[in-house]
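Protein chains in written order, with this note's numbering: chain A, 1 to 110; chain B, 111 to 224. Cβ coordinates follow ideal geometry from the N, Cα and C atoms, glycine included. The structure displayed is predicted, hence computed values, not measured ones.
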Amino acid sequence: KNEVEQSPQNLTAQEGEFITINCSYSVGISALHWLQQHPGGGIVSLFMLSSGKKKHGRLIATINIQEKHSSLHITASHPRDSAVYICAVGSNFGNEKLTFGTGTRLTIIP
Amino acid sequence: DAGITQSPRHKVTETGTPVTLRCHQTENHRYMYWYRQDPGHGLRLIHYSYGVKDTDKGEVSDGYSVSRSKTEDFLLTLESATSSQTSVYFCAISGEGPIWDEQFFGPGTRLTVL
Numbered sequence: 001k002n003e004v005e006q007s008p009q010n011l012t013a014q015e016g017e018f019i020t021i022n023c024s025y026s027v028g029i030s031a032l033h034w035l036q037q038h039p040g041g042g043i044v045s046l047f048m049l050s051s052g053k054k055k056h057g058r059l060i061a062t063i064n065i066q067e068k069h070s071s072l073h074i075t076a077s078h079p080r081d082s083a084v085y086i087c088a089v090g091s092n093f094g095n096e097k098l099t100f101g102t103g104t105r106l107t108i109i110p
Numbered sequence: 111d112a113g114i115t116q117s118p119r120h121k122v123t124e125t126g127t128p129v130t131l132r133c134h135q136t137e138n139h140r141y142m143y144w145y146r147q148d149p150g151h152g153l154r155l156i157h158y159s160y161g162v163k164d165t166d167k168g169e170v171s172d173g174y175s176v177s178r179s180k181t182e183d184f185l186l187t188l189e190s191a192t193s194s195q196t197s198v199y200f201c202a203i204s205g206e207g208p209i210w211d212e213q214f215f216g217p218g219t220r221l222t223v224l
């Protein structure tokens, strides 16, 4: 079973700061997902990546397959970015299901 | 937004009673999933479906059963609810399998078992 660890567990920052959230996993994977859970509970998918980097607006996700590590960056953070960010990993080999991290709670202060 | 709804959104029930949660989608996606979310745990897969009448167990399937008689509906049944099944339950859908395709999540059902 893949172990997924996210850091930090909680992060508070001022508006405008550059944010980095990390995700490490223990077993080689085929793909990694980043999700956002809003304060109201709704969950949306942000990225799915298997190598390199992806960018969407102010969000950037990177993955290093060799180091079993991914980062989610937020540039020019805004209070509306306050949410829980969840990393999930999956592999085509064996159990083809996602394993989820426990999430990073981000709070952006105006 | 993906057309996915869950009902009920909130439910309080007593230990030992059966409970059925419904997930309904209008996207005609092949894959449907039931997760539970508890403090200190990541989302954990209960059961999933890869087509009508095709279902499989997830990592926390004990005490739960599912059925999918139509593409659009995926039912989760707690055969005899216990307090340990108090949780928030999320349904999700995807067009392809869970590894390579993004999942769209329903709004969640908060279940309390007294």
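Quick check on the burial criterion: 16 or more other C-beta atoms within 10 angstroms. Buried or exposed for proline 79 of chain A? Residue numbering aside, residue 79 of chain A sits at position 79 when the first sequence is read from its first letter. Label assigned to proline 79 of chain A: exposed.
Arginine 132 of chain B: first and last residue of the uninterrupted beta strand (DSSP E) it sits in: Walking along the second sequence from the start, residue 132 of chain B turns up at place 22. Segment 129–135, the beta strand (DSSP E) holding arginine 132 of chain B.
Taking a contact to mean a Cβ-Cβ separation below 8 Å, would you say leucine 155 of chain B touches tyrosine 141 of chain B in this structure? For the purposes of this step, residue 155 of chain B is taken as residue 45 along the second sequence, with counting starting at 1. For the purposes of this step, residue 141 of chain B is taken as residue 31 along the second sequence, with counting starting at 1. No. Outside cutoff.
Using a Cβ-Cβ distance under 8 Å, would isoleucine 114 of chain B count as near chain A? The sequence position of residue 114 of chain B within the second sequence is 4, counting from 1. No, no contact with chain A.
Strictly below 9 Å CB to CB, what residues from chain A border glutamate 206 of chain B? Stepping through the second sequence from its first residue, residue 206 of chain B is reached at position 96. Within 9 Å Cβ-Cβ: nothing; glutamate 206 of chain B doesn't reach chain A, min ~11 Å.
By the 10 Å Cβ neighbour count, where 16 or more other Cβ atoms means buried, how is phenylalanine 47 of chain A classified, buried or exposed? In the first sequence, residue 47 of chain A corresponds to position 47, counting from 1. It counts as buried.
Please tell me whether glutamate 67 of chain A has its Cβ less than 8 Å away from any Cβ of chain B. The residue you call residue 67 of chain A lines up with position 67 of the first sequence. It does not: the Cβ of glutamate 67 of chain A has no partner Cβ on chain B nearer than 8 Å.
Can you grab the Cα-Cα spacing for the pair glutamine 66 of chain A / glutamine 6 of chain A, in whole Å? For the purposes of this step, residue 66 of chain A is identified with residue 66 of the first sequence, where counting begins at 1. For the purposes of this step, residue 6 of chain A is identified with residue 6 of the first sequence, where counting begins at 1. Each residue's alpha carbon lies about 17 Å from the other.
Look at the alpha carbon of arginine 178 of chain B and the alpha carbon of glutamate 212 of chain B, and state the distance between them as a whole number of angstroms. For the purposes of this step, residue 178 of chain B is taken as residue 68 along the second sequence, with counting starting at 1. For the purposes of this step, residue 212 of chain B is taken as residue 102 along the second sequence, with counting starting at 1. In a straight line, the C-alpha of arginine 178 of chain B is about 21 Å away from that of glutamate 212 of chain B.
I need the boundaries of the beta strand (DSSP E) containing glutamine 37 of chain A, first residue and last residue. The count along the first sequence starts at 1 and reaches residue 37 of chain A at position 37. Per DSSP, glutamine 37 of chain A belongs to the beta strand (DSSP E) from 31–37.
Would you say isoleucine 43 of chain A faces chain B, with C-beta separation under 8 Å as the test? The count along the first sequence starts at 1 and reaches residue 43 of chain A at position 43. It does: the Cβ of isoleucine 43 of chain A has a partner Cβ on chain B nearer than 8 Å.
For arginine 80 of chain A, three-class secondary structure by DSSP: For the purposes of this step, residue 80 of chain A is taken as the residue at position 80 of the first sequence. Arginine 80 of chain A falls in the helix class under three-state DSSP.
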